[in-house]
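K.L.:
The structure under discussion is supplied below as structure tokens; questions concerning it will follow.
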Amino acid sequence: MQKVEGALELESLLKGVLVQNVSIRRLDMTLHPLDRKRFQSCEFVEVFFGGAKAQGASFQNCLFSGCHLRGAVFSGITMEDTIVKLSEAMEIALPHCELMGVQFQDVTLSNANMDGAEIVACTFDTSSLYGVKFSDATIIRSKFLDKRLGNAVLSMASLQRALFVECDLSGADLRRANLSGALFVRCLLDDVNLEEALLEGARFVDCSLARISADEAKLSEAIAKPVDFVGEMWNFLANFDHTRLARALHAFVTGYVLRHTRMPERQAPSPDLPQPRAERAQQQRETQERQVTEMAPKPSAPKVQEDIKDTGSKKIELD
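See below:
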């Protein structure tokens, strides 16, 4: 991999549209045009992106390590199979971005803007998602956690009209978050804190909600039965304009077809559930056979008699 550590060398490199197999280190990217550039298998180590603009750019199989991304404007970018770690990304603007298989590790994303984003199979193991914006976003098979704090901090986050499908938000702190009109389908929400969160119009379909902290009355109104999935999804999509609908469908195709992300297997039925008719009939026959065996006469045991003599001795006779 070619190392790029000089401004002139970087300027020459960025004259083309495609940049691949390079390691860019300790340089200021704000001085160079990044719109619609394509980066493949590149490393960005301690690079300054503060306030940089990269509209429509793509990053495939890249690494961002120790970078300053605060206030960067990455509108409509595509990130695929990329790792962003140990970086400062407060107030980064990523509206209408496509994030596929992206891992955020120890990244501060407070007040980041991801409105209208398509997020598929991503991991947010970050120090803070406080105030992050996911309004109108479609988020599929993604995880939100914080290994150091024990729970992802999403307090004051905006999740209005967002669609979460099979995401893991276990233990997340969503206090005072805005979930108005959001739809959660088959998500893990155990131990989530929803105190003072706005739940007006929010719906939870077939989600795990054990030990959740929230207004019980509001939460009960938001929980839908699994059998109502089709109706809830239809009602949710009916409010989309054609652009939002196209983006949601694109996220589903990307997640479940192109990236082969499969729906998890359902747990096996409990042994206490009704069994098939053939199994029940077999069990009934076995029970009847045992009952017949128990009712059949048994051979008598030898009769023992005791004749106690005055001397206290015993004589045993067998009939």
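0 is the number of the first residue of the sequence shown in numbering that gives the first Met the number 0; add one for each residue after it. Note that the Cβ used here is the ideal one computed from N, Cα and C, for glycine as well.
#1: At which residues does the alpha helix (DSSP H) containing valine 229 begin and terminate?
#2: Per DSSP, what kind of secondary structure is threonine 77 in: helix, strand or coil?
#3: Please classify lysine 217: does DSSP put it in a helix, a strand, or coil?
#4: Go ahead and pull the three-state DSSP assignment for valine 322.
#5: Here's the rule I'm using: 16 or more other beta-carbon atoms within 10 Å means buried, otherwise exposed. How should glutamate 10 be labelled?
#6: By alpha-carbon positions, which one of Ser154, Ser141, Leu98 ends up nearest to serine 109?
#7: Tell me whether arginine 140 is buried or exposed, calling it buried when 16 or more other Cβ atoms sit within 10 Å of its Cβ.
#8: Going by other Cβ atoms of all chains shown within 10 Å of its Cβ, with 16 needed for buried, is asparagine 234 buried or exposed?
#9: The alpha helix (DSSP H) spanning leucine 12 covers which residue range?
#10: Could you tell me the distance, in whole angstroms, from the CA atom of glutamine 39 to the CA atom of leucine 17?
#11: According to DSSP, is arginine 202 helix, strand or coil?
#12: Leaving out five residues before and five after methionine 78 in sequence, what residues of the same chain have Cβ atoms less than 6 Å from its Cβ?
#13: Determine the DSSP secondary structure at proline 270, reduced to helix, strand or coil.
#14: In chain order, which continuous runs of the beta strand (DSSP E) of length 3 or greater are located wholly inside the stretch 38 to 77?
#15: Report all residues from its chain with a CB closer than 7 Å to the CB of asparagine 192; omit the five preceding and five following residues, and keep chain order.
#16: Please report the straight-line C-alpha distance between leucine 26 and serine 157, rounded to a whole angstrom.
#17: Have a look at aspartate 205 and valine 184 and give me their C-alpha separation to the nearest angstrom.
#18: Which of the three DSSP states is assigned to leucine 30 in this structure?
#19: Let me check understanding here. Comparing Cα to Cα, which of Ala209, Gly200, Arg35, Met113 lies closest to leucine 187?
#20: Taking just the CA atoms, how far does glutamate 117 sit from histidine 249?
#21: Taking the CB atoms as reference points, tell me whether alanine 111 and glutamate 87 lie closer together than 8 Å.
#22: Name the one or two DSSP bridge partners that asparagine 192 has.
#23: Can you grab the Cα-Cα spacing for the pair alanine 201 / aspartate 189, in whole Å?
P.N.:
Per the coordinate set shown:
#1: 228 to 237
#2: Looking at threonine 77 - three-state DSSP - the assignment turns out to be strand.
#3: DSSP, reduced to helix, strand and coil, places lysine 217 within a helical segment of the structure shown.
#4: For the chain, the structure presents residues 0 to 318; residue 322 sits outside this window and is missing.
#5: exposed
#6: Ser154
#7: buried
#8: exposed
#9: 6 to 12
#10: Looking at the two C-alpha atoms, the distance is approximately 8 Å.
#11: Strand, per DSSP.
#12: Result list for methionine 78: Phe58, Leu98, Val101, in chain order.
#13: Low confidence applies to proline 270: its pLDDT is 38, below 50, so where it sits in the model is not reliable, and the reading given next is rough at best. Proline 270: coil per DSSP, three-state reduction.
#14: Counting only runs of 3 or more, we get 42 to 44, 57 to 59, 62 to 64.
#15: Asp172, Leu173, Arg174, Ser212
#16: 34 Å
#17: 6 Å
#18: helix
#19: Ala209
#20: 8 Å
#21: no
#22: Asp172, Ser212
#23: Within the model, the alpha-carbon separation for alanine 201 versus aspartate 189 is close to 17 Å.
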